[in-house]
Amino acid sequence: MKKTIGLISASYTSRDFGGLTDERSYASLSYGGRYRLIDFPLSNMVNSGIDTVGVVAPYNFRSLLDHLGDGKSWDISRKVGGMYVLPGSVYGVYNSHSKFLMRDFIENRRYFERAEPANVLISGSNMIYNMDYRPFIERHEKSGCPVTFLYKTVEGDVPGMYLDVAEDGSVKKINYDNASGKKLFLDCMVVEYNFLMNFIEWFGTLDYMDIVEIMMDQLDEIGADAYEFTGYVGNIDTVEDYMRVNMELMDKSVRQELFEGDRQIFTKVQDEAPVLYRPGASVKNSFIATGCIIEGTVENCIISRGVQVKKGAVLKNCIISQSCSVLEGACVENVIADKYVTFNPGTEIKGGEKTLVIRKSQSL
Amino acid sequence: MQKKECIAMLLAGGQGSRLGDLTSAIAKPAVSFGGKYRIIDFSLSNCANSGIDTVGVLTQYRPLVLNSYLGTGAAWDMDSAHGGVRVLPPYATQTGGEWYAGTADAIYHNIDYIDSYDPEYVLILSGDHIYRMDYTRMLDAHKEKNAGLTVSVIEVPWEEASRFGIMTTDSEDRIVRFSEKPKSPDSNLASMGIYIFSWKVLRKALLEDHDDPTSEKDFGKNIIPRLLSQGENLFAYRFEGYWKDVGTIDSYYEAQMEMMDEDPPFNVYDKSMHIFSNASVYPPHYVGEQGKVNDAMICNGCVVLGEVEHSILASGAKALEGTVVKDSIVLPDAVIGEGSTVIRAIINEGVTVKPNSVIGSADGPITVVGESSPFARIG
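Those sequence lines, one after another, are chains A and B. Counting in the working numbering, the first sequence runs from 3 upward without gaps. Counting in the working numbering, the second sequence runs from 718 upward without gaps.
1) Flag residue 1008 of chain B as yes if its beta-carbon sits less than 8 Å from any beta-carbon of chain A, otherwise no.
2) 8 Å is my cut-off, CB to CB: does residue 356 of chain A come that close to chain B?
3) Please tell me whether residue 752 of chain B has its Cβ less than 8 Å away from any Cβ of chain A.
4) Does any residue of chain A bring its CB to less than 8 Å from the CB of residue 994 of chain B?
5) For the stretch 852-862 of chain B and the stretch 933-946 of chain B, state whether three or more C-beta atom pairs, one from each stretch, are separated by less than 8 Å.
6) Should the stretch 1011-1026 of chain B be called in touch with the stretch 281-301 of chain A, which here means at least 3 C-beta pairs below 8 Å?
7) Short of 6 Å in beta carbon distance, which residues of its chain neighbour residue 162 of chain A, apart from the five on each side in sequence? Order them along the chain.
8) Name the chain A residues whose beta carbon is nearer than 8 Å to that of residue 986 of chain B?
9) I'd like the span of the alpha helix (DSSP H) that includes residue 763 of chain B, first residue to last.
10) Could you give the distance in angstroms between the alpha-carbon of residue 116 of chain A and the alpha-carbon of residue 88 of chain A?
11) How is the beta strand (DSSP E) around residue 726 of chain B delimited, first residue to last?
12) Taking the Cβ atom as the reference point for each residue, do residue 884 of chain B and residue 895 of chain B lie within a distance shorter than 8 Å?
13) For residue 816 of chain B, does the three-state DSSP call read helix, strand or coil?
14) So which residues of chain B does residue 283 of chain A contact, with C-beta pairs closer than 9 Å?
15) Rounded to whole angstroms, what's the CA-CA distance from residue 75 of chain A to residue 997 of chain B? Just pull it up for me.
16) Thinking residue 228 of chain A and residue 171 of chain A are a contact (beta carbons under 8 Å), I'd like their distance in whole angstroms, please.
17) According to DSSP, residue 914 of chain B sits in a beta bridge with which residue or residues?
18) Residues in the same chain with beta-carbon distance under 6 Å from residue 51 of chain A, minus the five sequence neighbours each way, listed in chain order, please.
19) Which value, in whole angstroms, describes the spacing of the CA atoms of residue 35 of chain A and residue 1066 of chain B?
20) At a Cβ threshold of 8 Å, is residue 389 of chain A touching chain B?
21) At the level of alpha carbons, what is the spacing between residue 54 of chain A and residue 86 of chain A?
22) In this structure, what does DSSP give as the bridge partners for residue 196 of chain A?
23) Considering only their Cβ atoms, is the gap separating residue 891 of chain B from residue 805 of chain B smaller than 8 Å?
24) Does residue 266 of chain A come within less than 8 Å of chain B when only Cβ atoms are used?
25) Run the CB neighbour count on residue 6 of chain A, radius 10 Å, all protein chains shown included, and call it buried at 16 or more, exposed below.
26) For the alpha helix (DSSP H) holding residue 248 of chain A, just list the boundary residues, first then last.
27) Given a cut-off of 8 Å, decide if residue 814 of chain B and residue 775 of chain B are closer than it, judged by their beta-carbon atoms.
28) Does residue 1005 of chain B get closer than 8 Å to chain A when you measure Cβ to Cβ?
29) On the DSSP letters alone, give me the boundaries of the beta strand (DSSP E) that residue 955 of chain B sits inside.
30) Please report the residue range of the alpha helix (DSSP H) in which residue 2 of chain A lies.
31) Can you pull the chain A neighbours of residue 723 of chain B, defined as C-beta to C-beta under 8 Å?
32) Going by beta carbon distance, what residues of the same chain come within less than 7 Å of residue 179 of chain A, once the five residues before and after it are set aside?
33) Taking only heavy atoms of the ligand FAD into account, decide whether any of them is closer than 7 Å to the Cβ of residue 313 of chain A.
34) Using alpha carbons as the reference points, say which of A/271, A/193 and A/191 lies closest to residue 73 of chain A.
35) Is residue 271 of chain A close to chain B? Criterion is C-beta to C-beta, closer than 8 Å.
36) Let me confirm a value: residue 212 of chain A is counted as buried when at least 16 other C-beta atoms fall within 10 Å, else exposed. Which label applies?
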């Protein structure tokens, strides 16, 4: 593998996430009671021997930078290479969904030029998977194509962009739906460095567009390759996805693939005490992070650190964020609670078909 | 370099032979405690919480795990440019090399290290006690009394006093006599093995003691009696609070079981003095459909598919399908195989228990399962 640097786009977000993304980008949404979504692309890059990673930060970067720090937890606080926090554009309403905004590449051109790599691995930050990128990058180098897209073959009606791949493996088209195939684009691609620099030059005037959208119209000229990832992917685009993908952790194979293999998913280290289960606690099929004190009943839940579940409280099918309190006798079902929420004694809250999100610091 | 008022020297070279299998491969201070901690975390966190940012750690026995655990000291915020954690193993010189012959000898061989910070005071700690303590208050007392040595003491029940090093004091807490494990104690103030010396006083005593061929080069046996006989100012500092020596299997087991009490004597959830540790990155623990957890402490990375009652599962430990784990401590990354029953036992770090094993019993001594146990799976 020739020198490859990484670029993670963490600047895009969605307003339609029930309040969870009011103050944070997708990249810093919590996952599995302990992680943030950005941990996955960042750990994958580090585990693939990439020692230089640029993170395009969102306008609202407080939560993300609080998490990343200097990158030490990912072992990427380095003298040679390291983690670079890059300014993202202040997007208008129109572009807030754009993952790979041309303007971000133009503004941060210096980052690529300083590193002088052979390839740039570009990734979004709302897909959960554990992958060794090396075979992907090596395949890209062998193919001689300037761009190689990463995809996964999916069943069902998963929203996203799909690749139309010819028999010889080249990408014919990229579509906004799965009408022409089931190859879901994983918001991840390897781009040859010289090509990327030229591409920025050629299409610089289209700085308000997403580079993938620009490439869509130029595929015949460019000649792009595709690489299939066959492992587990949790794609988080909506609040419903967020609930579902978190709950998929209960599946043993998902858990093992993400966390029990040789490649660790790194995250910010926390100093919390172990979870304490008091007599009378009852827990089933749940993921519980450190620092919690459990006295009540918990079923099918993902619980972040420092949560208190008092006597007689019942939690079912919930995602509870850090430092929430579920007080005596409270009964909470099908709910996503953001940080510091208090469920007062005796409160009964049940989300219906549509997932109910309780905003930060509310007391109910 | 800028002068440091007080630096700490942490004695971490002991074998801890009374912990048996638990210290067969690692030094006692590196033994797991309370699920996610290692014994040395408590002293190091006390230093961090007391503003002591320079700690020399004296290692000798089986230092591999201890050294890698300490790392750069960043976990305790001690990766600073001037000071921080420094591992100090025995070394050779032009005239040969020797192991540290005793606690005082270990400090003697690192006089250069201490001199490089030009401290007024040196805090001597041992890495095998569980307690929370603000050393600045002890240092204040040391300065106030203009002492050459201040020894931290704790009141122990009279009937247990003969197991400790006992300090006899006058009405102003001046130490008038020191007796190691006295048969008929005249005081119940036990030394906690925590000393603050004025560096000039200690430096002189170490040099003298080194030249004494009859000395065992030990703080309790030699340095303290020497200073007493020289009429140096020795004071006791009375510590009130939780302090536990976890040097035996029984005390190690009991100290951890107490953490699950309704009102635990040592509360790790108390955030007024945080306990730092060098935590590995594990996902949150998972309790399965058939899992049952009651009255237990469970760490990140654990998987509970069986029943766990009144037990501690340390980081990454697993209790597989059909297991029953009761009144036990399962150390980091140990796995209890399917269908096994573990009662009143300690399963050592990284040990995989064979499926359908029956280990321990509700009464009798605590069972320790190490790598060489017939219950452990080889490889």
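Note that CB positions come from ideal geometry on N, CA and C, so glycine has one too.
If we stick to the structure as given:
1) For residue 1008 of chain B, the answer is yes, since a Cβ of chain A falls inside 8 Å of its Cβ.
2) Not one chain B Cβ lies under 8 Å of residue 356 of chain A.
3) It does: the Cβ of residue 752 of chain B has a partner Cβ on chain A nearer than 8 Å.
4) Yes, residue 994 of chain B counts as interfacial toward chain A.
5) Contact between the stretch 852-862 of chain B and the stretch 933-946 of chain B is absent, because fewer than three Cβ pairs lie under 8 Å.
6) Because the criterion of three Cβ pairs below 8 Å is met, the stretch 1011-1026 of chain B and the stretch 281-301 of chain A touch.
7) Closer than 6 Å at Cβ, skipping near neighbours: 186.
8) Result: 275, 278, 293 and 295.
9) Annotation: the continuous alpha helix (DSSP H) that includes residue 763 of chain B extends over 757-766.
10) Going from the Cα of residue 116 of chain A to the Cα of residue 88 of chain A covers about 13 Å.
11) Start and end: 723-728.
12) For residue 884 of chain B and residue 895 of chain B, yes; Cβs fall inside 8 Å.
13) Of the three classes helix, strand and coil, the one that applies to residue 816 of chain B here is coil, per DSSP.
14) The answer, in chain order, is 1010, 1011, 1012 and 1013.
15) Residue 75 of chain A and residue 997 of chain B: Cα-Cα distance of roughly 10 Å.
16) About 6 Å separates the two Cβ atoms, so the contact holds.
17) B/839 and B/866.
18) Hits under 6 Å: none found.
19) Near 25 Å, if we compare the C-alpha coordinates of residue 1066 of chain B and residue 35 of chain A.
20) No answer is possible for residue 389 of chain A: the residues shown for chain A start at 3 and end at 366.
21) Cα to Cα, the separation comes out at about 8 Å.
22) Checking the DSSP bridge columns, you'll see residue 196 of chain A has no partner listed.
23) Judged by beta-carbon spacing, residue 891 of chain B lies beyond the 8 Å limit of residue 805 of chain B, meaning their Cβ atoms are not closer than that value.
24) With 8 Å as the cut-off, residue 266 of chain A counts as an interface residue toward chain B.
25) Taking every protein chain shown into account, the CB of residue 6 of chain A has 16 or more other CB atoms within 10 angstroms, so this residue is buried.
26) Residue 248 of chain A: member of the alpha helix (DSSP H) spanning 241-249, first to last residue.
27) Taking 8 Å as the Cβ cut-off, residue 775 of chain B and residue 814 of chain B do not qualify as a contacting pair.
28) Chain A, which has a Cβ nearer than 8 Å to the Cβ of residue 1005 of chain B, makes this yes.
29) Start and end: 951-955.
30) Residue 2 of chain A is absent from the model: chain A starts at 3 and stops at 366.
31) Under the 8 Å cutoff, chain A gives no residues; its nearest Cβ is about 24 Å from residue 723 of chain B.
32) Hits under 7 Å: 164.
33) For the ligand FAD, the structure offers nothing, since it holds no ligand at all.
34) With distances taken between Cα atoms, residue 73 of chain A lies closest to A/271.
35) It does: the Cβ of residue 271 of chain A has a partner Cβ on chain B nearer than 8 Å.
36) A buried status is given to residue 212 of chain A, since no fewer than 16 other beta-carbon atoms sit within 10 Å of its beta-carbon.
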